[in-house]
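Novice: Before I ask anything, let me first share the structure, which is written out below as structure tokens.
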Amino acid sequence: MKRSRWMIITGILISIFFLYLAFRKFDVQEGKRALKMANYYWLFPTVISYMFGFWMRGIRWRYLLLPIKKCKISHLVSTVFIGFMANNLLPLRAGELIRAYVNGKKENISKSSSLATIVVERVLDGLALVLLLLVAILFLGGGSSQQHFLPQWLRKMIYLAWFIFLGVLILLYVMTRSKELTGKIIKKLFSFLKEPILNKILNLTDSFIEGLNILRQRKEILVVSFLSVLVWTFEGTTFYLGAKALNLPISYPQAYFTLVVVALGLMVPSSPAFVGVYEYFCVTALALFAIDRNFALSYAVLLHLLQFSLLVGIGMFFLWKENLSLWKLKKEVSDYSSQ
15 MKRSRWMIIT GILISIFFLY LAFRKFDVQE GKRALKMANY YWLFPTVISY
65 MFGFWMRGIR WRYLLLPIKK CKISHLVSTV FIGFMANNLL PLRAGELIRA
115 YVNGKKENIS KSSSLATIVV ERVLDGLALV LLLLVAILFL GGGSSQQHFL
165 PQWLRKMIYL AWFIFLGVLI LLYVMTRSKE LTGKIIKKLF SFLKEPILNK
215 ILNLTDSFIE GLNILRQRKE ILVVSFLSVL VWTFEGTTFY LGAKALNLPI
265 SYPQAYFTLV VVALGLMVPS SPAFVGVYEY FCVTALALFA IDRNFALSYA
315 VLLHLLQFSL LVGIGMFFLW KENLSLWKLK KEVSDYSSQ
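Just so we're on the same page, my numbering is the position in the sequence shown counted from 1, plus 14.
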């Protein structure tokens, strides 16, 4: 309990630090001018693009779950919104656990298996982001000038992200191929535990590995990978259309580049809703294209607020529709995890 409390406090402090970095040179009058000059009609297609992205997430999750059960896309989309809403309202990114828990109850499948599909989804998201970033760089930098276009910290972030996501994907694949070996390793690592607790960990591990079965099906994993690229294509379009609303002179590749920098930046621990981190990395990415800092920050705040409002509003609607309570779900997940 103390550890999680310190993690929450640390996340809030990190958010405050990044908020300071983002706003320290902000001119309020210039920010107001940017918002006055905005063409808010562009927010309508921005919202549509964002919603399509979440529909794609639901379709992708259906494919990830196929080895376990054939689920309705509408059920999965609603659960995705509930999970993302929880990530924006609760600390420690509890939305992923809540999403796995809700889907497990709704579809009557193992919650551990459901969580495994979300882990695979997140890894594929990371790889798709790095791929889109490389494509964007080809359009923006080209040839040897890439080295001058990208700052050192960003190059390191790309290498680190690629290493982490690819490494985790390989590890998950090995787990599906070496179930017995995984069991032996778990037994050795937790040999100090009592037998009933150890058996429960082994059962959870088996259920988790069952959720990784998609990695052994070439056709399905190719479809899921393609859908991952589609998900982030819609996200990139959302960033581009949002820039149109603020009259920012950026191209499609620049919008995708900004999206990827923000998405990778959100890996940094922070408060719920990624406050401060989102704004800082968005402004930092746009600065590479000589976008005025005040206009860039106005854009970041507007887009972040729009996404937050949509996720919380739609997530709350699905909670109400399915007669669920966020705080009750949080308690149920906490109780389930501590069993």
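Backbone N, C-alpha and C fix where the C-beta goes; we use that ideal spot for every residue, glycine too.
On the CB-based measure, 16 or more other CB atoms within 10 Å of its CB, does Trp-75 come out buried or exposed?
Specialist: buried
Novice: Tell whether a beta-carbon distance below 8 Å holds between Ala-130 and Gly-225.
Specialist: For Ala-130 and Gly-225, yes; Cβs fall inside 8 Å.
Novice: Which value, in whole angstroms, describes the spacing of the CA atoms of Lys-342 and Tyr-313?
Specialist: 35 Å
Novice: Kindly provide the ranges of any alpha helix (DSSP H) runs that are 4 or more residues long and lie completely inside the segment 271–304, ordered along the chain.
Specialist: 291–301
Novice: What is the residue span of the alpha helix (DSSP H) that Ser-92 lies within?
Specialist: Here the alpha helix (DSSP H) through Ser-92 covers 87–103.
Novice: Val-3 and Ile-28: beta carbons closer than 8 Å?
Specialist: Outside the shown range of the chain (15 to 353) lies residue 3, about which nothing can therefore be said.
Novice: Measure the alpha-carbon distance for Thr-24 versus Phe-37 and round it to whole angstroms.
Specialist: Going from the Cα of Thr-24 to the Cα of Phe-37 covers about 20 Å.
Novice: With distance defined between alpha-carbon atoms, name the residue in Met-99, Gly-72, Leu-103 nearest to His-5.
Specialist: The chain is shown from 15 up to 353; residue 5 falls before or after that span and cannot be answered.
Novice: In or out: Ser-158 buried (at least 16 other Cβ within 10 Å) or exposed?
Specialist: Note that Ser-158 scores a pLDDT of 44, beneath 50, so its modelled location is shaky; the value from the coordinates is reported in the next line. Exposed, since its Cβ has fewer than 16 Cβ neighbours within 10 Å.
Novice: If Ala-142 sits next to Val-243, beta carbons under 8 Å apart, how far is it from one beta carbon to the other, in whole angstroms?
Specialist: 5 Å
Novice: Look at Ser-126 and Phe-222 and say whether their C-beta atoms are less than 8 Å apart.
Specialist: Between Ser-126 and Phe-222, the C-beta gap is smaller than 8 Å, which places the two residues in contact.
Novice: Once the 5 residues before and after Leu-216 are set aside, which same chain residues still bring their CB inside 8 Å of it?
Specialist: Its chain contains Gly-197, Ile-200, Lys-201 as the residues whose beta carbon lies nearer than 8 Å to that of Leu-216, once the 5 sequence neighbours on both sides are disregarded; these appear in chain order.
Novice: Give a yes or no on whether the minimum CB-CB distance between Lys-198 and chain B is below 8 Å.
Specialist: Checking the listed chains, one finds no chain B in this structure; it contains a single protein chain.
Novice: What is the rounded straight-line gap between the Cα of Ala-299 and the Cα of Phe-271?
Specialist: 7 Å
Novice: CB Leu-255 to CB Ser-63, shorter than 8 Å?
Specialist: Between Leu-255 and Ser-63, the C-beta gap is smaller than 8 Å, which places the two residues in contact.
Novice: Could you give the residue range of the alpha helix (DSSP H) that holds Leu-259?
Specialist: It is worth fixing the name first, because residue 259 is Ala in this sequence and not Leu. Element bounds for Ala-259: 232–259.
Novice: Three or more beta-carbon pairs under 8 Å between the segment 328–343 and the segment 93–103, yes or no?
Specialist: yes
Novice: Report, in whole angstroms, the separation of the C-beta atoms of Asn-395 and Leu-338, which I expect to be a contact under 8 Å.
Specialist: Nothing about residue 395 can be reported from this structure: the residues present for the chain run from 15 to 353 only.
Novice: Let's test the definition: count the other Cβ atoms within 10 Å of the Cβ of Asn-354 and tell me whether it reaches 16, buried, or not, exposed.
Specialist: Lying outside 15 to 353, the shown extent of the chain, residue 354 is not represented and no answer is given.
Novice: Mapping DSSP to helix, strand and coil, what is Glu-336?
Specialist: coil
Novice: By a C-beta neighbour count over all protein chains shown, 10 Å radius and 16 as the cutoff for buried, is Ser-124 buried or exposed?
Specialist: buried
Novice: Asp-306 by DSSP, collapsed to three states: which one?
Specialist: coil
Novice: Quick one: what does DSSP say Gly-225 is sitting in, helix, strand or coil?
Specialist: coil
Novice: Between Lys-344 and the rest of its own chain, which residues show a CB-CB distance below 8 Å, the 5 nearest in sequence each way excluded?
Specialist: Ala-100, Leu-104, Ala-108, Ile-112
Novice: Compute the beta-carbon to beta-carbon distance between Met-380 and Leu-278, rounded to the nearest angstrom, for a pair I have assumed lies under 8 Å.
Specialist: The shown model of the chain, from 15 to 353, leaves out residue 380, and the question about it has no answer.
Novice: Closest by CA to Trp-69, which one among Thr-247, Leu-333, Glu-121?
Specialist: Measuring from the Cα of Trp-69, the nearest candidate turns out to be Thr-247.
Novice: The alpha helix (DSSP H) with Tyr-187 in it runs from where to where?
Specialist: 166–191
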